[in-house]
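Asks: Here it is, the structure in full.
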Amino acid sequence: MSIVTEEVFYRSGDGKCAADLYRLNTMIATGGRRPAIVIGHGFNMVKEALVDAAQAFVKAGYIVLAIDYRRFGRSPGQPRNLLKPLDEVEDYRNGISYLQDRLDVDPERIGIWGVSFSGGIVLHTAAIDRRVRCVVAQSPANLDGRQSTADLYGAEAFARLLDKLQQDHIRRALTGEGERVPCVAPIEKDVFPVLPGDGLLTGFIVQAAKILASYRIDIPLESLEHMMAWAPIHSVELIAPTPLLIVTNGGYDLHHRLDRIQDAFRRAGEPKRLTILPYDVVGLYAEPGLGESMRHAIAWFDQHLGAAASAALAAARAV
């Protein structure tokens, strides 16, 4: 039994997304329609960072579509690495459309999974797209983008940031080009990272840049404008009756705050589950935390993407 990976492209908005399609060779040989999962990368990452998660899901029997958002990684679009959360939501939804059009995918058994920034993306996607049959958000971040940014920057630096964003907005209007800044960096007087980071997160990003060929360590400052208008915490209550699992770390973590995640979970309707694992900010990206988080996600998908579970969910939505 081996995993077959194929790069595909699908339409999304005014452009297209690159994605890696993962299947077992036995799936190809035997045919038939199978459940599938769309997965997307976290803040400023690329689809190659999703290999471990994708392989875990495909070994569990799922067809997996791991996507690069528009303007990221292997996907075309300018400016490079511009984050616009509602675009990323649309990229997930169009990934579902791509899978539903495939003869090897059961169009009624498609789930979505996201980590960190994309953890918030999948929450909103599940709230507005009823084709999502099951959703898993791992350490969802930026649940209220403005509040999260203000918390990370602190009052004085946040005031300077607002001035900087205004200047950049005017510059883009007059010249068509905005400033590029570090995606993650410690806050300094004249440095305005899109995501202020401590040593743990900054080290993780530097390592990612070394091993991921299509990764860029800089990002348009404009991304912060879009992130600060992004607040998926307000759409969480619309997810039900789609089954929701949140898996998060409960250790030291400035970027995936447990209290904010618990607040989002309280707002969600049933069926839902919150699983808290004893790791820090990067603890679910490597073993043993990675394996534990994947086991919880797979168990949730197994429970709710089975044929009987899918029929029951469809009946609940029809009421």
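Read in order, the letters of the sequence shown are residues -11 to 307 in my numbering. Beta carbons: idealized from backbone N, C-alpha and C, even for Gly. Quick caveat: nothing in here was measured; it's all calculated off a predicted structure.
#1: Relative to the C-alpha of asparagine 82, which residue among Gly1, Glu213, Trp101 and Pro95 is closest?
#2: Buried or exposed: histidine 29, going by 16 or more other Cβ atoms within 10 Å of its Cβ?
#3: Would a C-beta distance cut-off of 8 Å place serine 211 and leucine 71 closer than the cut-off?
#4: Tell me lysine 260's beta-bridge partners as DSSP assigns them.
#5: With DSSP run on the structure shown, which of helix, strand or coil describes alanine 274?
#6: Please list, in chain order, all residues of the same chain as arginine 62 whose beta carbon is under 8 Å from its beta carbon, the five residues on each side excluded.
#7: Indicate the three-state DSSP secondary structure (helix, strand or coil) for aspartate 75 in the structure shown.
#8: On the DSSP letters alone, give me the boundaries of the alpha helix (DSSP H) that alanine 145 sits inside.
#9: Could you tell me which residues DSSP puts in a beta bridge with tryptophan 101?
#10: Can you round the beta-carbon distance between phenylalanine 192 and valine 270 to whole angstroms, since I take them to be within the 8 Å contact cut?
#11: Return the Cβ separation of valine 26 and leucine 111 in integer angstroms, given the expectation that the two are a contact with Cβ distance under 8 Å.
#12: Nearest to arginine 254 by alpha carbon, out of Pro266, Leu293, Tyr273 and Leu233?
#13: Here's the rule: buried if 16 or more other CB atoms are within 10 angstroms of the residue's CB, otherwise exposed. What is proline 23?
#14: Just to confirm, is the Cβ distance from proline 318 to proline 181 under 8 Å?
#15: Let me know the secondary structure DSSP gives asparagine 13 once reduced to three states.
#16: In chain order, what residues of the same chain lie with their CB nearer than 8 Å to the CB of asparagine 13, ignoring the 5 residues before and after it?
#17: When DSSP builds the beta bridges, which residues end up paired with arginine 22?
#18: What number of angstroms, rounded off, separates the C-alpha of threonine 137 from the C-alpha of alanine 17?
#19: Is leucine 162 buried or exposed, if buried means 16 or more other CB atoms sit within 10 Å of its CB?
#20: DSSP state of serine 0, grouped into three classes?
#21: Is it the case that the Cβ atoms of proline 229 and histidine 292 are separated by a distance below 8 Å?
#22: By alpha-carbon positions, which one of Ile109, Glu96 and Lys47 ends up nearest to proline 220?
#23: Give the single residue among Pro64, Asp79 and Leu150 whose Cα lies nearest to the Cα of methionine 216.
#24: Span of the alpha helix (DSSP H) holding alanine 129?
#25: Taking buried to mean at least 16 other C-beta atoms within 10 Å of its own C-beta, is glutamate 76 buried or exposed?
#26: Counting only the same chain and skipping the five closest in sequence on each side, list residues whose C-beta sits under 6 Å from that of aspartate 167.
#27: Opposite aspartate 40 in the DSSP bridges: which residues?
#28: Any C-beta of chain B sitting closer than 8 Å to the C-beta of alanine 48?
#29: Could you tell me which of Leu131, Glu96, Tyr(-2) and Val123 sits nearest to phenylalanine 31, measuring between CA atoms?
#30: I need the straight-line Cα distance from serine 85 to glutamate 144, nearest angstrom please.
#31: Give the C-beta separation of valine 235 and aspartate 206 to the nearest angstrom, bearing in mind that I take them to be a contact with Cβ-Cβ under 8 Å.
#32: So, under 8 Å CB-CB, glycine 99 and arginine 121 are touching, yes? Tell me the CB distance rounded to an integer number of Å.
#33: Is leucine 206 helix, strand or coil when you go by DSSP?
#34: Measuring alpha carbon to alpha carbon, tell me which of Tyr(-2), Phe45, Leu38 and Ile51 ends up nearest leucine 9.
Replies: In this structure, then:
#1: Counting from 1 along the sequence shown, the entry for residue 82 is found at position 94. The shortest Cα separation from asparagine 82 among Gly1, Glu213, Trp101 and Pro95 belongs to Gly1.
#2: Against the sequence shown, residue 29 aligns to sequence position 41. Here histidine 29 is buried: its Cβ has 16 or more other Cβ atoms, across all protein chains shown, within 10 Å.
#3: In the sequence shown, the residue the question calls residue 211 occupies position 223. In the sequence shown, the residue the question calls residue 71 occupies position 83. In contact: serine 211 and leucine 71 (Cβ atoms closer than 8 Å).
#4: Numbered from 1 along the sequence shown, position 272 holds the residue referred to as residue 260. DSSP lists Leu232 as partners of lysine 260.
#5: Looking up residue 274 in the sequence shown gives position 286. Residue state for alanine 274 is assigned as coil, using DSSP reduced to three classes.
#6: Residue numbering aside, residue 62 sits at position 74 when the sequence shown is read from its first letter. So the list reads Glu(-5), Ala6, Val34, Lys35, Asp56 and Ser202, once near-sequence residues are dropped.
#7: Within the sequence shown, residue 75 is the residue found at index 87, counting from 1. In the structure shown, aspartate 75 sits in a helix (DSSP, three-state: H, G or I).
#8: Reading the sequence shown from its first residue, position 157 is the one you call residue 145. Residues 143 to 163.
#9: Position 113 of the sequence shown holds residue 101. In DSSP, tryptophan 101 forms a bridge with Ile27 and Val124.
#10: Translated into the one-based positions of the sequence shown, residue 192 becomes position 204. Translated into the one-based positions of the sequence shown, residue 270 becomes position 282. Taking a contact as a CB-CB distance under 8 Å, the pair phenylalanine 192 and valine 270 counts as one, their CB atoms being some 5 Å apart.
#11: By 1-based counting over the sequence shown, the position of residue 26 is 38. By 1-based counting over the sequence shown, the position of residue 111 is 123. Incorrect: roughly 14 Å between the Cβ atoms, too far for contact.
#12: In the sequence shown, the residue the question calls residue 254 occupies position 266. Checking every option, the nearest Cα to that of arginine 254 belongs to Leu233.
#13: By 1-based counting over the sequence shown, the position of residue 23 is 35. The residue in question, proline 23, is buried, as its Cβ has 16 or more Cβ neighbours within 10 Å.
#14: It is not possible to answer for residue 318, since the shown part of the chain is limited to -11 through 307.
#15: One-based indexing of the sequence shown puts residue 13 at position 25. Helix.
#16: Counting from one through the sequence shown, the residue named residue 13 turns up at place 25. Annotation for asparagine 13: Met(-11), Ser(-10), Ile(-9) and Val(-8) place their beta carbon closer than 8 Å to its own, counting only its chain and skipping 5 residues before and after.
#17: The count along the sequence shown starts at 1 and reaches residue 22 at position 34. Arginine 22 has Val93 as its beta-bridge partners, per DSSP.
#18: Taking the sequence shown and counting its residues from 1, one reaches residue 137 at position 149. Taking the sequence shown and counting its residues from 1, one reaches residue 17 at position 29. For threonine 137 and alanine 17, the distance between alpha carbons rounds to 49 Å.
#19: Taking the sequence shown and counting its residues from 1, one reaches residue 162 at position 174. Burial is judged here by how many other beta carbons sit within 10 angstroms of a residue's own beta carbon; leucine 162 has fewer than 16 and is exposed.
#20: Here residue 0 is taken as the residue at index 12 of the sequence shown, counted from 1. Serine 0 falls in the strand class under three-state DSSP.
#21: Taking the first residue of the sequence shown as 1, we reach residue 229 at position 241. Taking the first residue of the sequence shown as 1, we reach residue 292 at position 304. No.
#22: Here residue 220 refers to the residue found at position 232 of the sequence shown. Proline 220 has its Cα closest to that of Ile109, out of Ile109, Glu96 and Lys47.
#23: Looking up residue 216 in the sequence shown gives position 228. Of Pro64, Asp79 and Leu150, the residue nearest in Cα terms is Leu150.
#24: One-based indexing of the sequence shown puts residue 129 at position 141. Going by DSSP, alanine 129 is part of no alpha helix (DSSP H) at all; its letter is neither H nor E.
#25: Position 88 of the sequence shown, counted from the first residue, corresponds to residue 76. With 16 or more other Cβ atoms within 10 Å, it is buried.
#26: Start at 1 with the first residue of the sequence shown, and residue 167 comes out as number 179. Checking the sequence, you will find glutamate at residue 167 rather than aspartate. These residues qualify, in order along the chain: Asp156 and Leu209.
#27: Here the question's residue 40 lines up with position 52 in the sequence shown. By DSSP's assignment, aspartate 40 forms no beta bridge with any residue.
#28: Considering every chain present, this structure includes no chain B. It has just one protein chain.
#29: As a first step, residue 31 must be located in the sequence shown, where it is residue number 43. Nearest of Leu131, Glu96, Tyr(-2) and Val123 to phenylalanine 31, Cα basis: Leu131.
#30: Numbered from its first residue, the sequence shown carries residue 85 at position 97. Numbered from its first residue, the sequence shown carries residue 144 at position 156. The alpha-carbon atoms of serine 85 and glutamate 144 are separated by roughly 45 Å.
#31: Numbered from 1 along the sequence shown, position 247 holds the residue referred to as residue 235. Numbered from 1 along the sequence shown, position 218 holds the residue referred to as residue 206. Their Cβ separation, rounded to whole angstroms, is 30 Å, which puts valine 235 and aspartate 206 out of contact at 8 Å.
#32: Indexing the sequence shown from 1 puts residue 99 at position 111. Indexing the sequence shown from 1 puts residue 121 at position 133. Taking the Cβ atoms as the reference, glycine 99 lies roughly 6 Å from arginine 121, within the contact range of under 8 Å.
#33: The residue labelled residue 206 in the question sits at position 218 within the sequence shown. The sequence shown places aspartate at residue 206, not leucine. DSSP, read as helix, strand or coil, puts aspartate 206 in strand.
#34: By 1-based counting over the sequence shown, the position of residue 9 is 21. Looking at the Cα atoms, Ile51 is the closest of the given residues.
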